[in-house]
Amino acid sequence: MIEQARQALKRVYGYDTFRKGQEGIISGILQGRDTLAILPTGGGKSICYQIPSMLLPGTSLVISPLISLMKDQVDALRRVGVSAAFLNSSLGAAEYRDVMRNAMMGEYKLLYVAPERLDAPMFQSLSEQLSIPLIAIDEAHCVSQWGHDFRPSYRQLSGWIARMKDRPLVAAFTATATNEVAADISNMLKLRDPSVFVTGFARPNLSLSVVTGVDKKKFLESFAAGRKEQSGIIYAATRKEVENVYEQLARRGIQAGKYHGGLSDAERAETQEKFRFDDIRVMVATNAFGMGIDKPNVRYVLHWQMTGDIESYYQEAGRAGRDGEESECILLFEPADMQVQRFLIEQGTGDTERKSIQLSKLHTMMNYSRTQRCLQQFIVDYFGETGVEACGKCSSCLDKSEPVNRTEEAKMALSCVGRMKGRFGVTMAAKVLKGSRDKRLLEFGLDRLSTYGLMRHLPEKEIADWLYWLVSEGYLKLSEGQYPVVSLTANALPVLEGRESIMQRVRATVRQSASNDNAAVSPLFEALKQWRKEKAAVEGVPPFMLFFDATLREIANVQPQTADQLLTVKGIGSAKAEKYGDGLLSIIHSFGGEGKATGSFTAAPKETSASSKRAASDEQPSHLTTLALFQAGQEPDEIAKDRGLSRVTVEGHIIRCADEGEEVDWSRIIPAEYEQLIVQAVGELGNEKLRPIKDALPEEVTYFAIHGVMSKYGFKA
Ligand code: ADP
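Sequence positions in the sequence shown follow my numbering and run 14 to 730.
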């Protein structure tokens, strides 16, 4: 049966080989084994239950808490010809009834259900009327108290499953599970002698960085400005911070969306859609954003503050690079972040036991933020995986900075805190060191301490950060409670006595990921993207639903000439080739692709070149037909409509004619008032990437006009 699975992988998804773990998981399920699979985000969990569901008789249930992910997966499955549906709270009553009716008639191979939707009677009626070979449980860590995202509704599942007449196979999937959580999942879901797969937590395409000791605002500005063409998420801890960051970006002319609990559902849904559709590139959000975001081409995730635990951090950061391309995860860390997180834990609803688990997780997070170890190693270690090599590209691995000796400043701070006798918080200690004239400080007579004003040359905030750094290093400690006071630990003594020195590394390096997005972009790739955007808009789905960037890039590089050749491109299965093949091929041809096929197509069937030659000799080539219509006065839009081509193709035809020396009326391509501006922009920014040129010009200047100028002035590469 695994052979059939392999065929499905190629036919349905257009992929040649299974990723690590997939084959074992799928063949285990097909052999009737319960399964617990821990694969990193982007590791390809969905295929592990989708392919068995297609091959097994009956309707498989997929339990998932992520509403928008369900919709995307169902859309994607339908797109490749697999019947699927979902039941969750986004459906109206009538839609819900329709899905139920169809489900009962056995219409679907996969039925996605939100756990909150399931109650005992509903589950019973599904299990009585459907033949269910497999129940796949996504985000299975939600069943565990020890996980970071416990959901009581998951707890019901095992009871219901156990009561089913023919108990189906159960396969549980998650990306984040410590050993403890993994064991809990298996127990809670009552898996029967499951095969367990842990393919590793490392995400080799992510470059992790911790950045500390920088002006965060300046950092953000230059960071975002350098990545205008990339999709990114910026996470901030509170609504207020989200608003601040959002405004800061807006002031710099960087268009972003914002997402937090204070906005209406409609506003949030709209922004999320814009982000998914690539209409806005940057999303500034609290952690409310993201459950269910499986946008594959997120190139960076920047955390404005530290999160409360490693699981949340890795889950949020892991939203970068699901498509496997190089992506960046940056944590901006200030020692004071710990206070915010402590406050959130103490204000939270958990009981004492839960709170103390959270506090210990916070400590580990703190350690991550200042470790000098490879960050990828640190994380996988946390999840219990050993033997992973240093990644070579995180901020620790790249850190060449020499540690700075900070013993003198440490002594000043420690002796000041010592003298304040554990009665005040960090803020007051910082004020004393600063030599502030704060009213309360004077009332307490703290200006009479010998350490008063010892650090007056530094801003108060920097002094507070320094104190928090000493806390995080274990030289100072904070008491519990809403107004924690600061005091010395035993570790402070050797420092104060001059027996130990304190070294600090300041890291601020962020290597720009070697993402292909930054590489020179070919005009054909741009045109394919534009075509994808138009097509996706017509179909009302995000562009990635049609093809990933990597697929378009491969098409642009290889320039397939026939439908068969298209099928060899990664990410194109038969359904997509049939649906979009003509559109893709016509763009390739309009860019003069004939004969350029290389790589996997060197051994292309002979008919390919024969057929393109035929096109050239027997009939007028397509681009000349377009030109004739253009010269007869038709506008590109009309030509596109008449000829059943996309506008991008038509424009490509016209430019190609111009490149080949045909007469064209430039004034219809390049608006006279912008011509000089475009020439100037191309002169300044070079001819390799179109996007920066487009961004530098007024919005109404089209790619067509830019291509026009490049052709007219011979700027082409
Ligand atoms: P996860 O749920 O584990 O985060 P997904 O199931 O969403 O990951 O898969 C991530 C991406 O990897 C998807 O775009 C998927 O199509 C792709 N993918 C999965 N399996 C393969 C494979 N064998 N070859 C190539 N791409 C794959």
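C-beta: ideal position from N, C-alpha, C; glycine also.
Should residue i be listed as close to ligand 1, given that the test is whether its C-beta is under 7 Å from any heavy atom?
| i | result |
| --- | --- |
| Leu52 | yes |
| Gly37 | no |
| Pro309 | yes |
| Gly596 | no |
| Leu68 | no |
| Thr30 | yes |
| Arg335 | yes |
| Gly34 | no |
| Leu22 | yes |
| Tyr26 | yes |
| Ala645 | no |
| Gly213 | no |
| Gly55 | yes |
| Ala153 | no |
| Ala10 | Shown here, the chain extends from 14 to 730; a query on residue 10 therefore has no answer. |
| Ala188 | yes |
Under 7 Å: does the beta carbon of residue i sit that close to some heavy atom of ligand 2?
| i | result |
| --- | --- |
| Lys58 | Absent from the structure shown: ligand 2. Ligands present: ligand 1. |
Considering Cα atoms alone, identify which of the options is closest to residue i.
| i | options | result |
| --- | --- | --- |
| Thr638 | Asp307, Cys670, Pro78, Ser492 | Cys670 |
| Gly119 | Ala89, Pro70, Met135 | Pro70 |
| Ser325 | Phe396, Val112, Arg180, Arg91 | Phe396 |
| Tyr687 | Asp672, Asp307, Gly699, Ala718 | Ala718 |
| Ala694 | Tyr726, Glu675, Cys155, Arg681 | Tyr726 |
| Val353 | Asn504, Thr72, Ala590, Tyr481 | Tyr481 |
| Gln137 | Lys122, Cys155, Val112, Gly172 | Gly172 |
| Gln689 | Leu411, Val663, Arg332, Met723 | Met723 |
| Gly37 | Gly594, Ser208, Tyr313 | Ser208 |
| Asp151 | Ser603, Glu547, Arg545, Ala127 | Ala127 |
| Lys33 | Gln20, Lys58, Tyr26, Val25 | Lys58 |
| Gln574 | Gly584, Leu559, Ala590 | Ala590 |
| Ser463 | Lys447, Thr440, Leu537 | Lys447 |
| Ala301 | His636, Val663, Leu79, Ile683 | Leu79 |
For residue i, is the classification buried or exposed, using 16 other Cβ atoms within 10 angstroms of its Cβ as the cut-off for buried?
| i | result |
| --- | --- |
| Ala629 | Here Ala629 scores only 34 on pLDDT, less than 50, and its place in the model should not be relied on; the value that follows carries that caveat. It counts as exposed. |
| Met351 | buried |
| Thr30 | exposed |
| Glu421 | exposed |
| Asn418 | exposed |
| Tyr496 | exposed |
| Met468 | buried |
| His470 | exposed |
| Arg176 | exposed |
| Ala443 | buried |
| Leu598 | buried |
| Lys626 | Because Lys626 sits at a pLDDT of 33, beneath the cut-off of 50, its placement in the model cannot be relied upon, and the following sentence gives the value as read from the coordinates. By the 10 Å Cβ count, Lys626 comes out exposed. |
| Lys271 | buried |
| Arg461 | exposed |
| Asp278 | exposed |
| Asp631 | Low local confidence applies: a pLDDT of 40 at Asp631 is under 50, so the model's placement there is unreliable, with the coordinate-based value given in what follows. Its Cβ having fewer than 16 others within 10 Å, Asp631 is exposed. |
| Thr399 | exposed |
| Ser659 | buried |
| Pro618 | Legend: pLDDT at Pro618 = 30, less than 50; position of this residue unreliable, value from coordinates given subsequently. It is exposed - the Cβ of Pro618 has fewer than 16 other Cβ atoms within 10 Å. |
Is the distance from the Cβ of residue i to the Cβ of residue j below 8 Å?
| i | j | result |
| --- | --- | --- |
| Val224 | Leu388 | no |
| Ile668 | Gly586 | no |
| Ser409 | Gln385 | yes |
| Phe186 | Cys61 | yes |
| Arg335 | Gly303 | no |
| Leu489 | Ser500 | yes |
| Ile247 | Val297 | yes |
| Leu123 | Val112 | no |
| Pro146 | Leu182 | yes |
| Ile267 | Lys241 | yes |
| Ala18 | Ile51 | no |
| Leu49 | Ala195 | yes |
| Gly699 | Ile600 | no |
Let me see if you follow: with CB-CB separation under 8 Å, is residue i close to chain B or not?
| i | result |
| --- | --- |
| Ser463 | Among the chains in the structure shown there is no chain B, since it carries only a single protein chain. |
Enumerated in chain order, which unbroken segments of the alpha helix (DSSP H) with a length of 4 residues or greater are wholly contained in the segment 373-439? 388-395, 408-411, 420-432
What runs of the alpha helix (DSSP H), each 4 residues or longer, lie entirely inside the segment 44-105? 58-68, 80-92
Can you check the segment 205-270 for any alpha helix (DSSP H) of at least 4 residues that lies completely inside it and give the ranges in chain order? 229-238, 252-264
Would you list, in sequence order, the uninterrupted beta strand (DSSP E) runs of no fewer than 3 residues that lie entirely inside the segment 630-678? none
Can you check the segment 130-154 for any beta strand (DSSP E) of at least 3 residues that lies completely inside it and give the ranges in chain order? 147-150
Note down, one range per segment and in chain order, each beta strand (DSSP E) of at least 3 residues found wholly within the segment 433-477. none
Which whole runs of the alpha helix (DSSP H) in the segment 290-348 are 4 residues long or more, in chain order? 323-330
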